[in-house]
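For reference, the structure discussed in these notes is given below.
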Ligand code: ATP
Ligand code: MG
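Numbering (the working numbering), first residue to last: 1 to 579.
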């Protein structure tokens with residue numbers, strides 16, 4: 001069996017989710033048209049990557065891996081006015097972080113500017129391209145409409161010599177911006193608007209972040225993209241649906257040049273609920289300070305998700321789950337949250353933290369006693385072991401875990417009632433202390449020394465206290481010892497928009513749907529001392545609260561955590577309540 005057949009056989013027996021792109025690849029391998037699969041991810045460095053790009057990265061690099069092929073990273077850097085090195089660097093970081101590797105195949109469309117120029121000359125010589133000296137208005141006006149043909153430019157029939165001369169002078173910077181363009185000579189009455197003599201080059205007197213002042217003409221996407229694919233020997237050029245209509249042009253250029261001809265395949269963009277996903281809009285959110293930056297943890301950017309505590313595994317898993325669609329759709333962001341919960345559940349160290357503290361004094365606990373209680377680091381992973389958590393006479397619990405006048409099914413703490421403190425004892429609320437305004441400021445409780453928890457086994461994480469004392473209580477709550485508590489700032493995030501599809505309203509701008517309560521800062525959260533030395537990027541489960549990640553702004557004396565996601569999806573419930 002040759003290589004391609006072997007890959008095909010492997011893939012056909014693989015259990016990985018199939019999709020229509022793989023079917024096309026399988027066909028091309030079977031017919032022998034393709035020997036080794038070669039894809040590319042071609043970002044334009046005009047913004048940070050978002051979760052939609054992550055989908056495309058996972059797809060392109062994933063296919064290459066699955067078929068034992070190659071995937072290039074190529075910057076589609078043909079529009080110097082909007083592009084920058086900052087964006088290039090962020091993209092490189094993000095693709096690496098997602099776990100993909102392009103070896104030495106990091107390319108830039110700008111690397112091919114000379115070759116693309118030569119290709120344009122070839123086209124002119126074949127009589128398939130011409131310099132048009134109409135104004136951009138005139139060109140636009142003569143394009144026609146989808147139902148009416150366009151009009152041919154008066155410059156369309158210039159001689160090859162004249163075209164060659166003008167094109168060279170365009171390149172040499174002899175003309176001002178907007179005075180001439182190079183157009184393909186195809187068909188002004190084509191039903192496909194993109195085939196009506198599309199522009200291939202325009203004059204832009206803007207320095208480029210890589211080629212400097214060398215060029216003052218820049219290729220259009222349609223001219224740069226297919227030819228770059230061809231130069232790199234790409235076999236399958238995977239792009240999003242809006243390029244379907246460009247495909248005849250993609251094919252036409254390659255056919256005219258008679259060079260290696262990759263196959264363009266389109267799939268549906270990934271859209272997510274409660275966010276926007278175009279770089280232009282994300283840039284607006286950044287520039288107009290609706291968010292703190294591209295890596296604001298509310299942003300759908302890869303850097304935002306990373307800062308929020310998402311793992312590359314979760315994003316890759318999400319990408320696999322959503323699959324590859326042929327029609328536009330919108331994916332529930334809850335699926336993305338599910339993926340990160342699922343991943344962190346397996347790996348995140350459990351700790352106890354109290355976000356909104358209420359102090360409890362255990363009146364019958366010895367004044368200066370401290371007990372080091374055994375606590376489970378991760379019930380899903382025995383190898384993560386246990387740790388000691390200090391317990392003493394004064395502890396904090398969550399304000400929400402106490403109710404003075406509880407409804408029937410409230411199983412946490414209330415006057416005269418009992419609750420279990422995780423890994424510790426059963427306590428009973430004896431007295432509620434209030435300030436002059438009537439706010440509850442402290443509880444006096446008693447503890448039952450005979451109910452101390454013992455870990456039976458790590459994996460079941462069951463506590464034997466109740467069995468020992470012969471008493472059962474329904475609720476177990478988390479706590480932090482007052483004298484051992486570490487202060488922290490905790491940042492809570494909610495969806496950035498209040499409606500599922502902020503771009504769907506034709507009357508209103510998407511920014512009108514920004515959620516004014518998407519960010520909450522908690523200044524005085526109390527953490528168990530284990531977290532004292534937590535470092536930026538580290539992720540934890542705060543028991544009963546959710547997954548949290550140390551923020552990059554965190555310092556030794558001022559810890560800052562971001563909430564990645566709650567333990568359960570509370571959004572659906574809140575929404576129901578509001579209806
Ligand atoms: P945006 O419209 O968000 O600004 P773009 O398409 O202009 O994105 P590029 O840098 O050109 O961004 O995209 C690089 C690659 O990522 C392209 O192949 C593009 O098709 C793909 N891509 C972009 N957005 C999505 C998305 N939402 N879902 C899947 N793939 C995407
Ligand atoms: Mg683009």
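The beta carbon of each residue, even a glycine, is placed where N, CA and C say it ideally should be.
- DSSP, reduced to helix, strand and coil, places residue 207 outside both helices and strands of the structure shown, so it counts as coil.
- By the beta-carbon neighbour count (other beta carbons within 10 angstroms, threshold 16), residue 393 is buried.
- The beta carbon of residue 256 sits closer than 7 Å to the beta carbons of 123, 126, 128 from its chain, once the five residues preceding and following it are set aside; these are given in chain order.
- Its chain contains 131, 180 as the residues whose beta carbon lies nearer than 7 Å to that of residue 166, once the 5 sequence neighbours on both sides are disregarded; these appear in chain order.
- Contact between residue 343 and residue 311 holds: CB atoms are separated by about 5 Å, below the 8 Å threshold.
- One thing to note: residue 537 has its Cβ no nearer than 8 Å to the Cβ of residue 564.
- Under the DSSP definition of a beta bridge, residue 237 partners with 264.
- In this structure, the straight-line span from the alpha carbon of residue 115 to that of residue 53 is close to 28 Å.
- Of the other Cβ atoms in all chains shown, 16 or more fall within 10 Å of the Cβ of residue 426; this residue is therefore buried.
- Residue burial annotation: residue 193 is exposed, with fewer than 16 other C-beta atoms found within 10 angstroms of its C-beta.
- In this structure, the straight-line span from the alpha carbon of residue 210 to that of residue 389 is close to 55 Å.
- Not a single heavy atom of ligand 1 lies less than 7 Å from the C-beta of residue 557.
- Under the three-state reduction of DSSP, residue 62 is assigned to helix.
- Between residue 225 and residue 42, the C-beta gap is smaller than 8 Å, which places the two residues in contact.
- Burial check for residue 551: the Cβ neighbour count within 10 Å reaches 16 or more, so the residue is buried.
- In the same chain as residue 363, and ignoring 5 residues on each side of it, the C-beta atoms closer than 8 Å to its own belong to 430, 444, 445, 446, in chain order.
- The closest heavy atom of ligand 1 lies less than 7 Å from the beta carbon of residue 41.
- At the C-beta level, residue 196 and residue 218 stay beyond 8 Å of one another.
- Taking one beta carbon from each stretch, the region 485–496 and the region 521–532 have 3 or more pairs nearer than 8 Å; the two touch.
- For residue 129, the enclosing beta strand (DSSP E) starts and ends at 129–132.
- A distance of 8 Å or more separates the beta carbons of residue 108 and residue 46.
- Between residue 274 and residue 105, the gap from beta carbon to beta carbon reaches 8 Å or more.
- Residues 50, 51, 52, 269, 270, 271, 300 of the same chain have their beta carbon placed closer than 8 Å to that of residue 277, with the five preceding and five following residues left out of the count.
- Counting the other CB atoms within 10 Å of its CB gives residue 528 a total of 16 or more, which places it among the buried residues.
- Annotation: residue 505 to residue 288 spans about 21 Å, alpha carbon to alpha carbon.
- Taking every protein chain shown into account, the CB of residue 81 has fewer than 16 other CB atoms within 10 angstroms, so this residue is exposed.
- Annotation: the continuous alpha helix (DSSP H) that includes residue 335 extends over 333–347.
- Look at residue 278: its beta carbon is less than 7 Å from one of the heavy atoms in ligand 1.
- Residue 326 is not a Cβ neighbour of residue 542, given a cutoff of 8 Å.
- DSSP places residue 310 in the coil class of the three-state scheme, outside both helix and strand.
- If you compare the alpha carbons of 502, 173, 213, 250 with that of residue 186, the shortest gap goes to 250.
- If you draw a 10 Å sphere on the C-beta of residue 96, you find fewer than 16 other C-beta atoms in it, and that means exposed.
- Straight-line spacing of the CA atoms in residue 112 and residue 199 works out to 18 Å.
- When secondary structure is reduced to three states using DSSP, residue 279 falls in the helix class.
- Set against 7 Å, the gap from the CB of residue 86 to the closest heavy atom of ligand 1 is not smaller.
- Taking 8 Å as the upper bound for CB-CB distance, residue 477 and residue 422 are in contact here, some 7 Å apart.
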